[in-house]
Amino acid sequence: MKFTKMHGCGNDYIYVNCFEETVENPKEVAVKVSDRHFGIGSDGLILICPSDVADVKMRMFNADGSEGKMCGNGIRCVAKYSYDFGLVDKETITVETLSGIKTLDLQTEQGKVKTVTVDMGSPILNPEQIPVRFDGVLMVNQPVDIQGKTYHLTCVSMGNPHAIVFVDDVKNLPLEQIGPGFEHHEIFPEQVNTEFIHVIDRTSVDMRVWERGSGETLACGTGACASVVACVLNGLTDEEVTVHLLGGDLMIRYDRQKNTVYMTGPAEVICTGVIEV
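Under my numbering, the first residue of the sequence shown carries the number 46, and numbering increases by one thereafter.
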């Protein structure tokens, strides 16, 4: 199987051009290629496929083989691959995902994509649609007992469910210990991605993330978007925020008037190759 390894802010995936390749068992392949000892090493597998309704279609699989509906860092890399490798020849493209069709604006330099702005669409705040088991209209700053400790959660979906927690210090959090407690908590019927946020000022935050099916990753695009929405809902930041992740920075703008979130960030090719599957 031919592959290209790419990353957005350190969130790395194995990309396969399904215009040319056929991957019959993507869940098993995702587990194999993601292994950092016996595979290539990545946070998962992303297939770039033909689409009847958009320029290309993206299918995304986590490191454990589970299929995700959306991946913010991944979709930027899909856009870069599609442009750089000649699947599209325009600088505004559409990508079909399980959470809908997304529009992306490509910023190019010397014929290659450097950064991508993604219209991520409207945040989902209805608890039933996120989904999270909560009786209120919005789950904003609500106390939840996790592993014997009370955390205040704000829940948002950007195609994937997210729980956002505000903390004083993200650097020293024992995510390996506490992350699974959030991911598998009974109030999240489809598990959850959890973002731990330290607000620096009105326009910048630090973030670490525990992703369902993958554990801690260096970045999460949908998580950064959900976190800025949560910050605004809690009155902690302005609508345009720089999110500092372990793997780099993302610019997030939550346009409340249009009820849309825009994400801008880099997309990089690491290597190309062939692996036996």
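In this text, a Cβ means the ideal position worked out from N, Cα and C, and glycines have one as well.
For clarity, every value in this text was computed on a predicted model and none was experimentally measured.
Within 10 angstroms of the Cβ of residue i, are there 16 or more other Cβ atoms? Answer buried if so, exposed if not.
i, result
"Thr40", "Beyond the ends of the chain as shown, which are 46 and 322, falls residue 40; an answer cannot be given."
"Ile209", "buried"
"Glu141", "buried"
"Arg81", "exposed"
"Asp88", "buried"
"His197", "exposed"
"Lys125", "buried"
"Glu256", "buried"
"Lys216", "exposed"
"Val98", "exposed"
"Asn304", "exposed"
"Asn107", "buried"
"Asp100", "buried"
Excluding the five sequence neighbours on either side, which residues of its own chain have a C-beta within less than 8 Å of the C-beta of residue i, listed in chain order?
i, result
"His229", "Gln236"
"Arg301", "Val277 and Glu284"
"Arg178", "Pro172, Glu231, Ile232, Phe233 and Pro234"
Looking only at its own chain, which residues have a Cβ that is under 7 Å from the Cβ of residue i, when we skip the five neighbours before and after it?
i, result
"Gln174", "Ser202"
DSSP on residue i, reduced to helix/strand/coil?
i, result
"Gly258", "coil"
"Lys125", "helix"
"Ser272", "helix"
"Gln187", "strand"
"Glu284", "coil"
"Thr317", "strand"
"Glu69", "coil"
"Glu228", "helix"
"Val101", "strand"
"Lys47", "strand"
"Ser249", "strand"
"Asn279", "coil"
"Gly89", "strand"
"Gly18", "What is shown of the chain runs 46 to 322, which leaves residue 18 out entirely."
"Leu220", "helix"
"Val215", "coil"
Sorted by chain position, which residues of the same chain lie with C-beta nearer than 6 Å to residue i's C-beta, five sequence neighbours on each side aside?
i, result
"Asp57", "Ser87 and Asp88"
"Ile297", "Ala269, Cys270, Val273, Val286, Val288 and Met308"
Legend entry - Stretch-stretch touch, CB-based, cutoff 8 Å, three pairs: the segment 292-310 with the segment 154-171: yes
Legend entry - Contact between the segment 244-259 and the segment 267-282 (3+ Cβ pairs under 8 Å): yes
Inset, instruction - Enumerate, from N- to C-terminal direction, the unbroken beta strand (DSSP E) stretches of 3 or more residues contained entirely within the segment 133-201. - result: 137-142, 145-154, 157-166 and 187-191
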